[in-house]
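Shown next, in structure tokens, is the structure this report addresses.
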Ligand code: HEM
Ligand code: HEM
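In my numbering, the protein residues as written are 379 to 569.
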């Protein structure tokens, strides 16, 4: 059995993010930064063994991110979440809720379209060179192109959303000077 104090560190409470939510948030930030850089870089290369090697890593990290996003969604739905700070205007509450919903949709849809693209293009793929990965759809060149376009457009939307999200976090910290960013960093009065 976990001790009570330890449990309250792991789980979210009504006024604090637990260590699971915080660590998964920041781990995924790092992985997404690497993943977007790697995707853009590999995309710019001509077809070569180096490009294919880099794409094996891109696909493996991408599937890892899909699993992490699924875990994170279940954790969020199953558990509680810190309340919005008192005095938060209604539009801010709505903007935060909408942006977080869009994040979850994109964090799932981006790797799924990558997986669909890989399946349609009929490229055999082993997760981290080890686990043979199943295909979602049968081979089709035109669909391969369609999924590639979806993958790229969703990534473009994701980057815009990240920029807005970071701007909002910085506004909370430096302009409103509230605890929103500290709470996600695990610092602050309620920790
Ligand atoms: C989880 C998140 C993922 C992110 C953020 C991501 C991001 C990207 C980015 C930025 C590109 C470059 C295209 C562009 O210019 O916008 C790209 C291309 C690509 N991605 Fe992903 N990706 C993810 C997951 C996956 C997965 C799971 C797969 C396959 C299983 C995959 C397969 C590919 C392929 C095949 C390309 C095209 C490379 C080329 O032929 O030029 N991606 N991705
Ligand atoms: C790949 C980039 C990012 C993604 C996908 C992302 C996603 C999310 C999501 C979905 C939430 C809602 C809480 C949850 O369900 O975990 C959240 C909360 C938060 N994020 Fe990010 N985030 C990213 C980058 C960042 C960065 C770079 C910062 C800081 C500069 C940041 C600061 C915050 C803060 C302060 C919260 C708490 C908001 C609240 O308490 O309502 N995030 N993030």
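Note that CB positions come from ideal geometry on N, CA and C, so glycine has one too.
Checklist entry - When we look at the beta-carbon of residue 502 and count the other beta-carbons within 10 Å, is it buried (16 or more) or exposed? => result exposed
Checklist entry - Cα separation between residue 514 and residue 497? => result 6 Å
Item to check | Selection from 433, 450 and 460 that minimises the alpha carbon distance to residue 564 | outcome: 460
Next on the checklist: Would residue 387 and residue 397 be called neighbours here (beta carbons separated by less than 8 Å)?
Outcome noted: yes
Next on the checklist: Measuring only from the beta carbon, is residue 495 closer than 7 Å to any heavy atom that is part of ligand 1?
Outcome noted: yes
Next on the checklist: If we require 4 or more residues per run, which alpha helix (DSSP H) segments fall completely within the stretch 410-469?
Outcome noted: 427-456
Next on the checklist: Contact defined as beta carbons within less than 8 Å: I believe residue 526 pairs with residue 495. What is the distance between those atoms, to the nearest angstrom?
Outcome noted: 5 Å
Item to check | residue 481: CB within 7 Å of a non-hydrogen atom of ligand 1 | outcome: no
Item to check | Spatial neighbours of residue 477 in its chain, beta-carbon cut-off 8 Å, leaving aside the 5 residues before and after | outcome: 539, 542, 543 and 546
Checklist entry - Going by C-alpha distance, which of 532, 447 and 469 is nearest residue 492? => result 532
Item to check | C-beta atoms of residue 489 and residue 433 nearer than 8 Å | outcome: no
Checklist entry - Candidates 556, 550 and 537: which alpha carbon is nearest residue 413's? => result 537
Checklist entry - Is it the case that the Cβ atoms of residue 392 and residue 462 are separated by a distance below 8 Å? => result no
Checklist entry - Between 415, 395 and 435, which lies nearest to residue 450 when the distance is taken from Cα to Cα? => result 395
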